[in-house]
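So the sequence shown is numbered by the working numbering: it starts at 85 and just counts up by one.
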Amino acid sequence: MQNKSSLLNIVLAVVVVVLVFQLTKRGGDKKHHHGDRSTHHKPSQERVSSANDTDYSGNQKKSVGVKGYIMPKPALVIGSYSKEGKPDIMTAAWTGIANSDPLSISVSIRESRMTYENILANGCFTVNVPSERFVVETDYVGNISGRDEDKFKKLGLTPVKGDHVNAPYIGEFPIVIECEVTDTFHLGSHVQFIGKVVDTKVDVQFLDENEDVDIEKLKPVIFEKNFYYGYGKRLAKPFDVYKTLIEGKEPQYNPLSITNETLVTIFNRKSVRHFTSEQVSQDQLTMMVRAGMAAPTAVDKRPWAFVAIQEREVLDQLADILPYAKMLKQATGAIVVCGDLSKALQGDAQPYWVQDCSAATQNILLAAESMGLGAVWTGVHPIKDREKDVQQALNIPSDKIPLSVIAIGYPTGEDKPKDKWDETNLHWNKW
85 MQNKSSLLNI VLAVVVVVLV FQLTKRGGDK KHHHGDRSTH HKPSQERVSS ANDTDYSGNQ
145 KKSVGVKGYI MPKPALVIGS YSKEGKPDIM TAAWTGIANS DPLSISVSIR ESRMTYENIL
205 ANGCFTVNVP SERFVVETDY VGNISGRDED KFKKLGLTPV KGDHVNAPYI GEFPIVIECE
265 VTDTFHLGSH VQFIGKVVDT KVDVQFLDEN EDVDIEKLKP VIFEKNFYYG YGKRLAKPFD
325 VYKTLIEGKE PQYNPLSITN ETLVTIFNRK SVRHFTSEQV SQDQLTMMVR AGMAAPTAVD
385 KRPWAFVAIQ EREVLDQLAD ILPYAKMLKQ ATGAIVVCGD LSKALQGDAQ PYWVQDCSAA
445 TQNILLAAES MGLGAVWTGV HPIKDREKDV QQALNIPSDK IPLSVIAIGY PTGEDKPKDK
505 WDETNLHWNK W
């Protein structure tokens with residue numbers, strides 16, 4: 085009997101050992117299975133990071149009540165006709181794409197607005213997309229009622245009757261969308277109109293080679309409670325950046341992981357030789373010259389003088405006399421940077437004016453890039469014949485030496501920045 089009991093104890097011990105082994109094996113299999121899954125997804129620490137990444141460990145959320153903190157919000161201008169046929173426009177931020185097929189846009193408007201009455205009367209409206217240059221007009225039409233004045237007339241904007249709907253669009257705005265109302269929803273403070281898109285028009289200068297809108301050229305306006313904002317930098321490409329988390333896949337678009345806006349402008353600067361017909365304004369040229377005058381200068385001598393050019397005849401004349409400035413035929417503006425020898429250092433230090441004016445030229449190029457313009461530096465000094473030709477063409481005094489002619493205009497998008505980084509040109513501490 086005792087032997088039988090001992091045998092049972094041995095059998096039980098073996099069973100326990102086998103069970104422990106099986107459980108351990110299953111646990112190992114599970115770990116191995118999770119390990120297999122991790123081979124399909126890159127570890128999180130391999131994700132591309134930026135200087136603006138935030139550590140969310142330990143963050144606490146605080147309730148701020150019922151707030152619509154969805155960003156960004158577009159600043160769009162809605163066009164409509166009154167019952168009497170008077171064109172009117174108002175700014176709306178409670179807007180967005182509501183459906184894909186048929187493509188539809190939602191616009192929410194208070195019943196007290198004249199635009200609400202107009203849309204009800206006509207069953208249609210236009211959506212006008214402003215660029216940064218129209219931010220003042222966009223704000224104005226959102227604060228002044230069409231019952232009080234003709235906003236088109238006040239702002240010098242052109243009302244154009246839609247080709248497909250009985251609503252006006254703004255001739256000067258870069259994108260206009262004609263919509264017919266398909267649904268109306270009374271939500272509370274606002275009434276939401278759903279407008280089916282029947283046609284979209286875009287200024288050709290804002291279209292790329294695929295006839296898609298070049299948003300970097302367009303520079304749309306973003307609305308927020310305290311400020312209007314401009315378009316920001318590229319972060320990633322949709323339906324592409326997720327590949328950074330999948331083993332064996334890489335996104336097609338890998339932007340520079342730079343968040344400093346000054347560095348972004350520097351690295352995006354390019355020599356632009358292809359321009360649209362859009363005119364560079366006097367205010368823009370003035371701002372670029374101000375940027376030029378902010379350049380460093382030896383002993384604060386500021387030995388520079390500038391000639392800003394807008395006249396077509398003068399631009400063409402410079403294009404004819406300078407062998408490498410043919411792009412001036414397309415440019416709608418130019419700045420000639422000159423060294424003023426009457427202000428320069430004397431003696432052996434006089435040539436420092438070249439460095440000072442070169443720094444001013446670079447500042448102008450960077451200012452143009454940051455303003456959405458294109459520019460290219462064409463050299464004049466030290467070629468004596470070119471100096472004399474430019475002096476003669478522009479009536480520049482003999483003690484003012486043209487260093488460079490900067491062609492300026494709105495870029496077509498053909499010219500791209502170049503990555504010029506070459507580590508072999510960098511030496512640390514000594515050669």
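Just so it is clear, CB atoms sit at the ideal spot from N, CA and C, and this is done for glycine as well.
Give the range of the alpha helix (DSSP H) segment to which residue 239 is assigned. 235-239
Leaving out five residues before and five after residue 417 in sequence, what residues of the same chain have Cβ atoms less than 7 Å from its Cβ? 364, 369, 393, 394, 492, 493
Nearest neighbour of residue 424, chosen from 449, 175, 438, 332 [CA to CA]: 438
Given that a residue counts as buried once 16 or more other Cβ atoms are within 10 Å of its Cβ, and exposed if not, what is residue 466? exposed
By DSSP, does residue 205 sit in helix, in strand, or in coil? helix
Given that a residue counts as buried once 16 or more other Cβ atoms are within 10 Å of its Cβ, and exposed if not, what is residue 513? exposed
Does the Cβ of residue 440 have 16 or more other Cβ atoms within 10 Å, making it buried, or fewer, making it exposed? buried
Secondary structure of residue 165, DSSP reduced to three states: strand
Between which residues of its own chain and residue 249 is the CB-CB distance below 6 Å, once the five residues before and five after are set aside? 208, 262, 264
What's the call for residue 172, buried or exposed, on a 16-neighbour Cβ count within 10 Å? buried
Looking only at its own chain, which residues have a Cβ that is under 8 Å from the Cβ of residue 287, when we skip the five neighbours before and after it? 258, 259
Kindly list the residues whose CB is nearer than 8 Å to the CB of residue 327, restricted to its own chain and excluding five residues on each side of it in sequence; keep chain order. 333, 334, 335
Which residues in the same chain have their Cβ closer than 6 Å to the Cβ of residue 127, if we skip the five residues on either side of it in sequence? Residue placement at residue 127 cannot be trusted, given a pLDDT of 39 that sits under 50; the coordinates are not used to answer.
Measuring alpha carbon to alpha carbon, tell me which of 352, 194, 165 ends up nearest residue 502. 352
To the nearest angstrom, report how far apart residue 135 and residue 344 are at their CA atoms. Confidence is the limiting factor: at residue 135 the pLDDT is only 46, short of 50, which leaves the residue's position unreliable, though a coordinate-based value still follows. Taking the straight line from one Cα to the other gives about 9 Å.
Alpha-carbon to alpha-carbon, residue 420 and residue 484: 11 Å
Contact between the region 295-302 and the region 263-283: three or more CB pairs below 8 Å? no
Can you give me the Cβ contacts of residue 63 inside the same chain, cut-off strictly under 8 Å, excluding the 5 residues immediately before and after it? Within the shown structure, residues of the chain are numbered from 85 to 515, placing residue 63 beyond reach of any answer.
Looking at the secondary structure, which residues open and close the alpha helix (DSSP H) in which residue 437 lies? 436-454
Are the region 354-364 and the region 464-480 touching, with three or more C-beta to C-beta distances below 8 Å? no
Determine the burial state of residue 230: buried for a count of at least 16 other Cβ atoms within 10 Å of its Cβ, exposed for fewer. buried
Distance between residue 213 and residue 313 (C-alpha atoms, nearest Å): 14 Å
Pairwise C-alpha distance: residue 360 and residue 241: 22 Å
Locate the alpha helix (DSSP H) running through residue 299, then write down its first and last residues. 299-302
Compute the Euclidean distance between the alpha carbons of residue 130 and residue 507, then round it to the nearest angstrom. Confidence at residue 130 is low in this model, with a pLDDT of 39, below 50, so the placement of that residue should be treated as unreliable; the coordinate-derived value is given next. Roughly 25 Å separates the two Cα atoms.
Within this structure, are the beta carbons of residue 251 and residue 164 separated by less than 7 Å? yes
If you compare alpha carbons, which of 220, 150, 371, 154 is closest to residue 179? 154
Less than 7 Å between the beta carbons of residue 450 and residue 349, yes or no? yes
Among 356, 358, 391, whose alpha-carbon lies nearest the alpha-carbon of residue 373? 391
How far does the alpha helix (DSSP H) with residue 377 in it reach, from first residue to last? 366-377
Given this structure, state the Cα-to-Cα distance separating residue 444 from residue 285, to the nearest angstrom. 40 Å
To the nearest angstrom, how far is the alpha carbon of residue 203 from that of residue 378? 51 Å
Would you grab the beta carbon distance between residue 489 and residue 480 for me? Rounded to a whole angstrom, and I think it's under 8 Å. That pair is no contact at about 12 Å.
Classify residue 482 as buried or exposed, calling it buried when 16 or more other Cβ atoms lie within 10 Å of its own Cβ. exposed
In whole angstroms, what is the alpha-carbon distance linking residue 147 and residue 236? 43 Å
Given that a residue counts as buried once 16 or more other Cβ atoms are within 10 Å of its Cβ, and exposed if not, what is residue 447? buried
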